[in-house]
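Reading through the structure tokens given below for one structure.
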Amino acid sequence: MIANVMINSQRLRIFFYLVGFSVLFLAFSGSLTHFHKDFSQLNTSLIRTINNNDIQLRSVMDMRVAIGQRAALLWHMTLTEDFFVLDELLGQLYEQETNYQKSRIVLLNSELDVAEKKLIHQLDTKINQQAAELKYFTDALIGKTNRDFTHKLNHVLSNHTAVINLLDNLIEQQQQQNIAIRKSSTTHMKDLLSEMIATIVVIVVFGTLFAIYVICHSLKQSYTLQATNRELAHVVGHDSLTGLPNRSLLLEQLTLILSSTKRKKEHAAVLFVDLNDFKPINDNYGHNVGGFLPAKGCRGHVIRPKGS
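According to our numbering, the stretch in the sequence shown is residues 1 to 308, in order.
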């Protein structure tokens with residue numbers, strides 16, 4: 001019965017240890033998986049947003065270059081008198097208009113926020129308002145119907161400057177967004193890293209405490225088992241009444257001594273004391289005195305503490 005209880009108790013302890021270490025392992029693995037997933041999502045989001053902003057910034061800068069080139073071409077067209085040069089400049093003007101529209105399409109296909117959509121709407125409105133006036137001005141340059149284009153050129157260039165200012169505002173907004181995104185990502189990365197470190201520290205601390213508990217409990221069980229074994233060995237090898245070694249311990253010691261002397265080629269001696277008519281002492285003076293006398297007498301004749 002006692003053996004079954006001890007076996008069941010040992011099984012429960014082993015099961016408890018396995019569950020504890022499994023929980024710690026799952027917590028550690030789950031935390032690493034969770035933080036790896038968060039880091040991956042944050043990194044993917046950062047890369048996607050930065051790439052989107054880079055596309056937008058590149059498109060807006062190309063649009064600005066196209067508008068600036070168009071203004072420069074219009075200025076050159078007012079200065080030239082050569083029809084062939086004028087025709088070549090007009091072709092370049094159309095090419096810059098095509099470049100502007102291509103960059104605009106790329107910009108519209110990107111992910112735009114509300115502020116960007118508002119600026120693009122203002123930009124399109126401004127461009128559409130200038131379209132008829134710009135066509136009239138280029139037709140006048142080709143036909144040379146009016147020799148004085150100074151006032152009209154200044155007005156057209158002023159309109160181009162207004163468009164460039166809108167594009168500059170859009171470029172500045174893109175740059176500010178890039179800065180804000182990087183700062184926000186850095187903050188999130190720091191927070192996530194701090195959370196990961198704190199979680200790992202907690203898991204390590206609990207794991208260490210659990211390991212210390214397991215070690216201490218195992219040592220305690222080991223010491224208890226050793227003490228129990230010593231107590232059982234003493235009970236088996238000694239008389240319960242006198243406390244003297246009994247025949248079982250004598251045989252055990254003789255076996256060890258014979259084995260040792262045979263191995264070392266030495267001699268050994270055994271002290272044998274036989275007390276006759278000892279029962280009346282127990283009957284008249286009690287078992288305490290009956291146990292004390294032979295123990296005292298034998299201990300006075302032993303050669304070494306382990307003698308029996």
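Heads up, the beta-carbon is just placed ideally off N, CA and C, and yes, glycines get one too.
Under 8 Å by Cβ, that's how I've got residue 361 and residue 67 pegged, so tell me the actual separation to the nearest angstrom. Because the chain here runs from 1 to 308, residue 361 falls outside it and cannot be looked at.
In whole angstroms, what is the alpha-carbon distance linking residue 249 and residue 220? 28 Å
Could you tell me the alpha carbon to alpha carbon distance between residue 196 and residue 42, rounded to whole angstroms? 14 Å
Can you check which of these residues, 204, 65, 177, 54, is closest to residue 114 by C-alpha distance? 177
In this structure, what does DSSP give as the bridge partners for residue 36? Partner(s): none; residue 36 has no beta bridge.
Return the bridge partner residues of residue 155 from the DSSP annotation. For residue 155, which the question treats as bridged, DSSP gives no partner whatsoever.
Touching or not, the region 110 to 130 and the region 54 to 65, by the rule of three or more beta carbon pairs under 8 Å? yes
Buried or exposed for residue 53, going by 16 or more other Cβ atoms inside 10 Å? buried
Can you give, in chain order, each stretch of the alpha helix (DSSP H) that sits fully within the region 185 to 237 and has at least 4 residues? none
In the region 70 to 99, which residue ranges form an unbroken alpha helix (DSSP H) of at least 4 residues, counting only runs that do not cross its ends? none
Assess, as a yes-or-no matter, whether the region 178 to 196 is touched by the region 29 to 39 under the definition of 3 or more beta carbon pairs within less than 8 Å. yes
Out of curiosity, what's the CA-to-CA distance linking residue 216 and residue 28? 24 Å
Classification of residue 103 by the beta-carbon crowding that lies within 10 angstroms, buried from 16 upward: buried
Relative to the C-alpha of residue 48, which residue among 218, 181, 211 is closest? 181
Tell me the start and end of each unbroken alpha helix (DSSP H) in the region 240 to 267 that is at least 4 residues and wholly inside, in chain order. 247 to 264
Identify which residue in 90, 141, 56 has its Cα closest to the Cα of residue 106. 56
Give me, in chain order, the residues of the same chain whose beta-carbon lies closer than 8 Å to that of residue 210; leave out the 5 immediate sequence neighbours on both sides. 20, 21, 24
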